[in-house]
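K.L.:
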Amino acid sequence: MKRQNDKKNNMLCFNCRKPGHGLADCPEADRDEEMGRGICYRCGSTEHEIQRCRAKVDPALASSVTVAWLSNNMSADHEEVHVPVKKAKPKQTKVTNTGPLTQINTGPLTQTNTGPLTQTNTGPLTQINTGPLTQINIGPLTQINTGHLTQTNTGPLTQTNTGPLTQINTGPLTQINPGPLTQINTGPLTQINTGPLTQINTGPLTQTNTGPLTQINTGPLTQTNTGPLTQINTGPLTQINTGPLTQTNTGPLTQTNTGPLTRINTGPLTQTNTGPLTQINTGPLTQINTGPLTQTNTGPLTRINTGPLTQTNTGPLTQTNNGPLTQINTVRSDVVASPWLRPPFSPHSAVPPDDDAGADVPPAAPLRSLKTGI
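This note's numbering numbers the first residue of the sequence shown as 9 and each following residue consecutively.
Written as structure tokens, this is what we have:
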């Protein structure tokens, strides 16, 4: 007890500079408003302490918060200043559908996405658009469909993608477009289809790709076009088909490729063209077919290749042309035929082919080339 009293007597007050007490027990501090003892450390008020302060500061509720300001001979509760607070960055838009989803649009619909957009559909998704539909995506767009996806568009459909577009379909995908369809892709476009994909276009279809386009189909792919189809590719185009691919075109088909075009087909490929078909390739064209390839053309067929052309066929190849066929190659093309190829006998040939020359070739050659109407 004596030691505590000696310590208290030797204590020096930081306010009045007198010994015998501290700042907390100084009698002169209660009469000095500028001393600031007993102020609230949250809002700066001298009328209450922090335990009784009711001021609330939440930057997420407003663009600025109000705090009290302490000045000479004035209570902090009567004077306020505004301090700006930084706004929080907007979060990435994310849409997740796990159950059945049905969308029906009968009037004009316009969708504009400027930021990153991610759509994930794990349940059945059905979209029906009877009115004009316009979609504009200038930011990255990612779509992942693991369930059944069905799209039916009876009105004009316009899609414009200036940012990267990625589509991943692991479930069945069915698209039916009886109205005009227009797609414009200026950014990278990547499509990956591992499930069955069915596209039916009865109206005019126009596709314009100025950026890199990559399509990977590991499941069955069926395309049916009864209306005019126009494709314009100025950027690199890569198509990889490992599953069965069936294309049926009954209307005019026009393809224009100015950038590198690469096609790899390891599964069965069947193409049927009953309407006029026009292909113009000014950039390098590479085709590799390791599976059966069947082409049937009953309408006029025109091909113009001004860039390098490389075709490699290791599987059976069958071509049937009943209509006029025109091919123009201004640059030498390298064609690697199937090992089962045997030169067919021409009735206009003066000397028939020697049977012994093809003894090592199987008699029933899977590869046949039939050209009529030329």
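All C-beta atoms in this analysis are idealised placements derived from N, C-alpha and C, irrespective of residue type, glycine included.
Please determine if the stretch 210 to 228 and the stretch 236 to 243 are in contact, where contact requires at least 3 C-beta pairs separated by less than 8 Å.
P.N.:
The stretch 210 to 228 vs the stretch 236 to 243: in contact.
K.L.:
R376 by DSSP, collapsed to three states: which one?
P.N.:
Any reading at R376 needs caution, since the residue's pLDDT is 39, under 50, leaving its predicted position unreliable; the model's value is listed next. In this structure, R376 counts as strand in the three-state DSSP scheme.
K.L.:
Since L253 and L269 should fall inside the 8 Å C-beta cutoff, what is the C-beta to C-beta distance between them, to a whole number of angstroms?
P.N.:
In fact, because the Cβ distance is near 16 Å, the residues do not count as touching under 8 Å.
K.L.:
Which residue from Q183, Q207, G171 and I144 puts its Cα closest to that of T194?
P.N.:
Considering only alpha carbons, the answer is G171.
K.L.:
Go through its chain and collect everything with a Cβ distance to G275's Cβ below 7 Å, but skip five positions before and after it.
P.N.:
Only N249, T250, G251, P252, L253 and G299 meet the Cβ criterion.
K.L.:
What three-state label does DSSP hand I296 in the structure shown?
P.N.:
Three-state result, I296: strand.
K.L.:
Hey, how far is the Cα of L221 from the Cα of L197?
P.N.:
Each residue's Cα considered, the two are about 5 Å apart.
K.L.:
Pick out the complete alpha helix (DSSP H) segments inside the stretch 217 to 305, 4 residues or longer, and give them in chain order.
P.N.:
Complete alpha helix (DSSP H) runs here, min 4: none at all.
K.L.:
Please report the distance separating the alpha-carbon of L20 from that of K26.
P.N.:
Each residue's alpha carbon lies about 6 Å from the other.
K.L.:
Could you tell me the boundaries of the beta strand (DSSP E) in which Q143 lies?
P.N.:
From DSSP, the beta strand (DSSP E) with Q143 extends over L141 to N145.
K.L.:
Assuming N177 and L157 are in contact, meaning their beta carbons sit under 8 Å apart, how far apart are those beta carbons, in whole angstroms?
P.N.:
Correct: roughly 7 Å between the Cβ atoms.
K.L.:
Could you check if S72 is buried or exposed, using at least 16 other CB atoms within 10 Å of its CB as the buried criterion?
P.N.:
Only weak support is given to the placement of S72: the predicted model assigns it a pLDDT of 43, under 50, and the value that follows is read from those uncertain coordinates. S72 should be labelled exposed.
K.L.:
Use the C-beta contact count for K10: other C-beta atoms within 10 angstroms, 16 or more gives buried, fewer gives exposed.
P.N.:
Counting Cβ neighbours within 10 Å, K10 comes out exposed, since fewer than 16 surround it.
K.L.:
Can you list, in chain order, the residues of its chain with a C-beta nearer than 6 Å to that of T160? Leave out the 5 residues immediately preceding and following it.
P.N.:
For T160, where only same-chain residues beyond five positions count, the Cβ hits under 6 Å are I136 and I184.
K.L.:
When the Cα atoms are used, what is the spatial distance from I401 to C24?
P.N.:
Residue 401 falls outside the range modelled here, since the chain spans only 9 to 382, and no answer is possible.
K.L.:
Can you list, in chain order, the residues of its chain with a C-beta nearer than 6 Å to that of N13? Leave out the 5 residues immediately preceding and following it.
P.N.:
Contacts found: none.
K.L.:
From G307, L109 and N265, pick the residue whose C-alpha is nearest to that of G291; which is it?
P.N.:
That would be N265, whose Cα lies nearest to the Cα of G291.
K.L.:
Excluding five sequence neighbours on each side, which residues of the same chain lie with their C-beta closer than 6 Å to the C-beta of L229?
P.N.:
Here the set comprises L205 and L253.
K.L.:
Please report how far the alpha carbon of T166 lies from the alpha carbon of T310, in whole angstroms.
P.N.:
If you take the alpha carbons of T166 and T310, they lie about 29 Å apart.
K.L.:
Please list, in chain order, all residues of the same chain as L245 whose beta carbon is under 6 Å from its beta carbon, the five residues on each side excluded.
P.N.:
Closer than 6 Å at the Cβ level, and outside the excluded window around L245, lie L221 and L269.
K.L.:
Look up R311 in the DSSP assignment and say whether it is helix, strand or coil.
P.N.:
If DSSP states are grouped into helix, strand and coil, R311 belongs with the strands.
K.L.:
Among residues of its own chain, excluding the 5 on either side of V103, which ones have a beta-carbon nearer than 6 Å to its beta-carbon?
P.N.:
Contacts found: Q127.
K.L.:
Between which two residues does the beta strand (DSSP E) containing Q59 stretch?
P.N.:
Element bounds for Q59: n/a, residue is neither H nor E.
K.L.:
Between T138 and T114, how many whole angstroms is the CB-CB distance? I'm expecting something under 8 Å.
P.N.:
About 5 Å; that satisfies the 8 Å criterion.
K.L.:
On the premise that L301 lies in contact with L277, defined as a C-beta separation below 8 Å, what is that separation, rounded to the nearest angstrom?
P.N.:
Contact holds; Cβ gap of about 5 Å.
K.L.:
From which residue to which residue does the beta strand (DSSP E) around N161 run?
P.N.:
Residues L157 to N161.
K.L.:
Just to check my reading of the structure: N233 and G259 have Cβ atoms closer than 8 Å, yes? What is that Cβ distance to the nearest angstrom?
P.N.:
Rounded, the Cβ-Cβ distance is 6 Å, consistent with contact.
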